[in-house]
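In my numbering, the protein residues as written are 7 to 121.
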């Protein structure tokens, strides 16, 4: 796929569940759900458990990538996704809801950059 137009979305999750934000399974499932909803498929997943808390997960996609980093002790997480295909605003709102539910978050803020 040619990268004629790139779009990067950043999701800041606040007030999240300490347990959910410190679970590699929850983070991986949330990222896979996001990728699936926008029609992307994961080729490979890598993760790292930070000491004493936190998870880093990245999914490599044929079309781009999606990554997350969590700070469970503060209820914070960041998720970024860069794609070669623009994601519609309605879908971005849906992705916010997916992340909010996955991390039992109080708030999800989104930033979008089109290049």
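Note that beta-carbon positions come from the ideal geometry of N, C-alpha and C, so glycine has one too.
Identify every residue that forms a DSSP beta bridge with residue i.
i, result
"residue 19", "83, 114"
"residue 24", "Residue 24 pairs with nothing; no bridge assigned."
"residue 13", "89, 120"
I'd like to check one pair, residue j with residue i: are the Cβ atoms closer than 9 Å?
i, j, result
"residue 73", "residue 64", "yes"
"residue 14", "residue 84", "no"
"residue 75", "residue 60", "yes"
"residue 89", "residue 46", "yes"
"residue 101", "residue 86", "no"
If distances are taken between C-alpha atoms only, which option among the options comes closest to residue i?
i, options, result
"residue 33", "93, 91, 77, 45", "77"
"residue 22", "104, 120, 117, 87", "104"
"residue 24", "40, 58, 53, 102", "58"
"residue 28", "118, 114, 44, 109", "109"
"residue 119", "35, 41, 94, 39", "94"
"residue 43", "80, 62, 97, 111", "97"
"residue 53", "35, 40, 41", "35"
Quick test of your reading: residue i and residue j, contact by CB under 8 Å. State the CB separation rounded to the nearest angstrom.
i, j, result
"residue 11", "residue 68", "Rounded, the Cβ-Cβ distance is 16 Å, inconsistent with contact."
"residue 82", "residue 31", "That pair is no contact at about 19 Å."
"residue 48", "residue 66", "7 Å"
Give the list of continuous beta strand (DSSP E) stretches no shorter than 3 residues that lie fully inside the segment 41-118.
For the segment 41-118, whole beta strand (DSSP E) runs of length 3 or above, ordered along the chain, are 50-55, 61-67, 70-77, 82-89.
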